[in-house]
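Undergrad: Before I ask anything, here is the structure I am working with.
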Amino acid sequence: MTETTTLSVPVTQGDEDKYKLRMGPQHPATHGVLRVDLELDGETILDCYPQVGYLHRGFEKLAENRTYAQNLVLTDRLDYMAAMANNVGYCEAVEKLLDINVSERAKFLRVMVCEMARLTSHLLWLATHALDIGAMTVFLYAFRERETLMELFAELCGSRLTNTYTRLGGVRQDVTHEIMMKLDRFVNEFPACIAEYETLIDTNRIWLKRTVGIAPVSAEMGLDLCLTGASLRGSGVDYDVRKHMPYAAYDQLDFEVPLGETGDIYARYRIRMEEMLQSNIILRQCIEKMPPGSIVGDDAPDLIMPTIPQKKVTPDTSAHQGLIKLIDDRNVYMEGDVYVATEVPKGELGFYFVSDSKGKPYRMHIRSPSFIHIGALQTLGKGVMVADLIAIIGTLDVVLGECDR
Amino acid sequence: MNVQYKPKRNLLGTIFQVEILQGMALTLRKLFSPPITRQYPEEKPPMYPGFRGQHALVRDPLTQESKCIGCMRCATICPSRCIHIRCEKDTRGKEVLQSYSIEALRCVFCGFCVEVCPVGAITMTEVFEYASYDRESLYFNKDALLKNWDKFLDESGHGEDYVNPFWRPRGLPEAELPAAQRMKVPEDWTIAGQFIGTNLRSPKQKITDTHTEEDHA
Amino acid sequence: MQILIILLQIVILLAIVLLHVAYTTYFERKVIGHMQVRLGPMTVGWHGLLQPIADGIKSFFKEDIIPEQADKPLFLLAPVICLVTMLASLAVLPFAKGWVLADINIGLLFIFAMSSLASYGIILAGWASNSKYTFLGGMRSMAQVISYEIPMGMSLIGVMMLSGSLNLTEIVNSQGGSLFSIYLFPQIIGFFVFFVAMLAETNRVPFDLPEAETELVSGYITEYSGMRYAMFFMAEYIGMMVMASIGTVCFLGGWNGPFPIPFFPPFWFILKVYGFLFLFIWIRATLPRYRYDQLMELGWKLLIPLALLNIFLTGLFKAFF
Amino acid sequence: MESIRIAEDLEKHFPDSILEIQVHRGQFSAIVAQEFILEMCQFLKEKHKMNHLNCLTGVDNLTRKGKHFERFEVIYQLYSIEHRVGLRLKAQVKDSDNPCIDSITSLWTGADWLEREAFDLLGISFNNHPNLKRVLTPDDWEGHPLQKTYKLKGNTEWSGFTDLKEKFKQLSQFDFQNTHVQEGTQAND
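Residue numbers (my numbering), protein chains in the order written: chain F, 4 to 408; chain C, 3 to 219; chain E, 20 to 340; chain L, -10 to 178.
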């Protein structure tokens, strides 16, 4: 039927009695359109080849032909579980590139929506991860809280999923007293909800059997595979962009980064549960510390940005030791490149921008955690069973919208 | 901070399946708790003002025509390039809108067009149920967009001079806003009335807001 | 005449059981729905009461798709095998004193035989569909049945030893009429083993590996549609009822209750079966799923030794008291 | 240690390969020649504990001018979790027709997919890469979309899609009932 499509699994001599299974792209547990080509011996996976690209929309090419402000809507569609966090990541990167100041209130609002997005994403992760392992009741309990947050998003910015909330130099809307009241009530009730999920799965012997010791990742291995986020912290590597390269108002807030030891599925599960509690603490602080003021910075650009440089570009202002040239200068649209990482729920979301002094990015690269995590699946998926592979896909917390871009 | 693990199951817990029974007790309790789901077609979700739904062109109560002045700002900013505008100069040399169309199937519902509009002509209504079986009916031309506005006014019961206050962003100084967005808004939409960080739970600093009482009730 | 009466009884029994199947699905959806803080079916009829009828009509009129590469005769036969064996095992169940179609002396063995044959249907379905997921589902089912027939049989040996019979009516009678003389108390280990094996035997959560939705799409029934899919479905639910009935008969004293109900003797029996079904559903709403090898481990390393221990203890009990 | 010291140290060890060290918005980057990129990464990873590879990507410099810029450059954003300091290497790939650079998959397994992505979208090949195939676009895709020469609007469809349309046209000649009739006649023959 499909002569044109070549099977990517290389068939070599003596391989004929391997059982080949193409899991996905339409499969209940591959979280979107991930396809995994498996070679099985019974139910044990001998080789595992993830295939992505079914959702490739060419964001990096699209971005080269749109202004910085317009590209914001693309980031909603990266990790659609936490669109707010992507918005913030994108804006932080562009603000670094174009040297735009953010108002203090906007910083706190950004942290607030970031953490709300983290909660929505982690709740959805918990829901689907538990469903993958078979505990289907957790699914709806988690959605109950997620719904509260989604409605808060809708009230705040007019959209539930693709928020487009941040703007260069600030955010789109201020919070109201009502929203903060609702958020406050949510923050108070949330730890009890976490306890509820934990009653169902945390100490359950079947859950423990399915998660403890499965797909362990040591610290070296995690760094080798370039894992980030909870997947790396599960192995005990203390790497959280919010602490290492603080952005928005994270340096003014007090929170902890949970670290695991064993690096197995259970450790990552515990870390995400702890992270939810930490997010809750951050939200509480945001409510208490929200500063007054405007929601955009003083030099925030208009939404319709000019496409030519506003000031003359002056590189090579001062030289340092011959070779090192400091070309830093306050100038919008000056040539140069920045890499800014933010901690989205899935891991480290980085934006690498190259500017050629025009109003559109010359090159935008999205370092998407999901893409790298699916790449790691190739290593982690070897030698486990089919049921474990499902759990591993769940624990890596991949979103194909972000992976394929 | 290292993650805390719950204590390991002891022998009695293993024999009597304590943790499974706890889980089952929870599900049994939930059997008698009220459901959280919404019976959608009968029961509509709450719509907040400013929901980015169906597009509409605001009908000017004075002229019964669109307010659009044909400045092309919306068509310029639109990231999916789904707005098409044609203007012509009339006898007095004034730009007159000839056609205005939005391809709703290409729209990404970012709301940028509404945000940049200097006169508040284009808006996004709270209508979200307008799925259709054919593409043509989702290609809104000027008449369709004006009709959308009438439909929205009918359904929501607003007067014909209704202006969605959401499109005047909260928390911005009045001076930074275009003229069309400088409208009369409730107190807590201005910077003076904005939410400032407080401990909402401590009784001393309880803010005297009418919403507070309702929410706690 | 005799044959006519029996035929009439069979028809009545079938009608009642199939109606029960339909409404067990409704009950399951409703109970799980409410446990998951949602409502379950609501649109067809008052609170969705006519939903099972609508489902039945829908699956009856749906197209019966046969995959091109499938082994056609076996593909068509497999659901029939499943359903017929499950229906056949209904024959020996005593619903009340004298309310039994075939009061044979090896009732328990007959039921074991039939439930093993039903898994034959599942394996055939997995093989004949010629699809990878169904094949894995069929393989899992085979392994599961082989491992769990043994602890299941062994767990009931204790009951057999106490009652001294394989006839189900005899087993109920030997438990006496009072609540405290039922075999649940002396055979608590046996009951535990039986209960776990029963869940595995009927492919229910946490042992629903042959049809593990998130792993094998739908397991052995992936390629089925329409009425044949519904037949598998019916077989599964009849299987649940048969197993619940066995549990009731062997451990909970069958139709005996605290007091007899005058015009409807099987009242207590049916109530106990409903209790079992609720437990099935309740567990489904709560627990995650085991992995395939862990399931084997549980069966061979825990349940069989426990069942053997139970036999040993029962033997000691018999010998000394 | 600060980024600038690391950059200087790198310059000390690879004096000929470092073309320039830039700082932009406080971020340090070293423009390097492509020859010793693997050794440089290894040096940074081992000596300066830059054990986290943030980002690996390529840039097509066709319409961008710079002193040392070649047509393609490969960006390595490295970060030391222990010292909390990062450095960016911008390796200039010399051959613009057939760009080729050493793979760093021996240092980071995770670079595997990032290099595949750079190959897929920019057409930069990586020596010693275990499985250099397209990752985001289909295997039979033509061209590398992120090159500046890649046409934004084409007048031809992707061959896979035209094949599919051809197939559909062939199949639509037989409608559903006809197939049964044909089968029947064949059986009779």
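Just so you know, even glycine gets a beta-carbon here, dropped at the ideal spot from N, CA and C.
(1) Any beta carbon of chain F sitting closer than 8 Å to that of E:V236?
(2) Among E:P284, E:V178, E:C101, E:L306, which one has its Cα closest to the Cα of C:L23?
(3) Could you check what DSSP says for C:I22 in three-state terms: helix, strand or coil?
(4) Shorter than 8 Å from the beta carbon of F:K246 to some beta carbon of chain E?
(5) Give the secondary structure of L:H37 by DSSP, where H, G and I count as helix, E and B as strand, and everything else as coil.
(6) State the Cα-Cα distance for the pair F:I330 and L:A107, rounded to the nearest angstrom.
(7) How is L:R123 classed by DSSP in three states: helix, strand or coil?
(8) Comparing alpha-carbon positions, which option in F:L230, F:G378, F:D241 lies nearest L:L42?
(9) Along chain C, which residues have their Cβ under 7 Å away from the Cβ of F:I307?
(10) If contacts are defined as beta-carbon pairs under 8 Å, then L:E62 and L:V82 qualify, I think. What distance do you get, rounded to the angstrom?
(11) Could you tell me which residues DSSP puts in a beta bridge with C:S283?
(12) Using a Cβ-Cβ distance cut-off of 8 Å, determine whether C:Q56 contacts chain F.
(13) Below 8 Å on the Cβ atoms is my contact criterion, and I expect L:L8 with L:A(-4) to pass it. Report the Cβ-Cβ distance as a whole number of Å.
(14) Which residues of the stretch 345 to 365 of chain F have a Cβ closer than 8 Å to any Cβ of chain L? Give them in chain order.
(15) Please classify E:I207 as buried or exposed, where buried requires at least 16 other C-beta atoms within 10 Å of its C-beta.
(16) In its own chain, which residues sit with a C-beta less than 8 Å from the C-beta of E:I1, not counting the 5 before and 5 after it?
(17) To the nearest angstrom, how far is it from the Cα of F:V105 to the Cα of C:C112?
(18) For the beta strand (DSSP E) containing F:L255, list its first residue and its last residue.
(19) Is the separation between the beta-carbon of E:Y19 and that of E:I141 shorter than 8 Å?
(20) On the premise that F:R149 lies in contact with F:A157, defined as a C-beta separation below 8 Å, what is that separation, rounded to the nearest angstrom?
(21) Applying the criterion that 16 or more other CB atoms from any shown protein chain within 10 Å of the CB defines a buried residue, is C:G52 buried or exposed?
(22) Please report the straight-line C-alpha distance between E:L95 and E:Y42, rounded to a whole angstrom.
(23) For a quick check, are the C-beta atoms of E:V50 and E:I300 less than 8 Å apart?
(24) In three-state terms, what does DSSP make of F:G173?
(25) Between E:E82 and E:G245, how many whole angstroms is the CB-CB distance? I'm expecting something under 8 Å.
(26) According to a CB-to-CB cut-off of less than 9 Å, which residues of the stretch 199 to 233 of chain E neighbour chain F?
(27) Buried or exposed for L:L135, going by 16 or more other Cβ atoms inside 10 Å?
(28) Between F:R149 and chain E, is there a C-beta pair that is closer than 8 Å?
(29) In chain order, what residues of the same chain lie with their CB nearer than 7 Å to the CB of F:L228, ignoring the 5 residues before and after it?
(30) Run down chain E in chain order and give the residues with a C-beta less than 8 Å from the C-beta of C:P37.
(31) In chain order, which beta strand (DSSP E) runs of at least 3 residues are fully inside the stretch 35 to 61 of chain C?
(32) Under the DSSP definition of a beta bridge, which residues are partnered with F:K23?
(33) On the three-state DSSP scale, how would you describe E:P60?
(34) Counting only the same chain and skipping the five closest in sequence on each side, list residues whose C-beta sits under 7 Å from that of E:I176.
(35) Shortest alpha-carbon distance to C:E138 belongs to which of C:D163, C:L107, C:V129, C:S158?
(36) Does the separation of the CB atoms of F:E346 and F:S373 fall below 8 Å?
TA: By the coordinates alone:
(1) yes
(2) Its Cα nearest to that of C:L23, the residue E:L306 stands out among E:P284, E:V178, E:C101, E:L306.
(3) helix
(4) no
(5) DSSP places L:H37 in coil when its eight states are reduced to three.
(6) In this predicted model, F:I330 has a pLDDT of only 34, less than 50, meaning its place in the structure is not dependable; the value taken from the coordinates is given anyway. Near 28 Å, if we compare the C-alpha coordinates of L:A107 and F:I330.
(7) coil
(8) F:L230
(9) R75, T78, I79, V118
(10) Yes, L:E62 and L:V82 are in contact; Cβ-Cβ is about 6 Å, under 8 Å.
(11) An answer regarding residue 283 of chain C cannot be provided, because it is not within the stretch 3 to 219 covered by chain C.
(12) Using a Cβ-Cβ cut-off of 8 Å, C:Q56 does not count as an interface residue toward chain F, since no Cβ of chain F sits closer than that to its own.
(13) Their Cβ separation, rounded to whole angstroms, is 12 Å, which puts L:L8 and L:A(-4) out of contact at 8 Å.
(14) Contact residues of the stretch 345 to 365 of chain F toward chain L are E351, G353, Y355, V357, D359, Y365 (C-beta to C-beta distance below 8 Å).
(15) Per the 10 Å Cβ criterion, exposed.
(16) The requested residue 1 of chain E does not occur in the structure, where chain E is confined to residues 20 to 340.
(17) 21 Å
(18) Checking the sequence shown, residue 255 of chain F turns out to be Gln, not Leu. F:Q255 -> no beta strand (DSSP E), and no H or E assigned at all.
(19) With chain E running from 20 to 340 in the structure shown, residue 19 of chain E is simply not present.
(20) So it is not a contact: roughly 13 Å between Cβ atoms.
(21) buried
(22) 26 Å
(23) yes
(24) strand
(25) 6 Å
(26) V224, P225, D227, L228, A231, E232, T233
(27) buried
(28) no
(29) A379, T382
(30) G52, H53, V56, R57, L58
(31) 57 to 59
(32) F:E42
(33) coil
(34) Closer than 7 Å at the Cβ level, and outside the excluded window around E:I176, lie I330.
(35) C:L107
(36) No, these two residues do not count as a Cβ contact at 8 Å.
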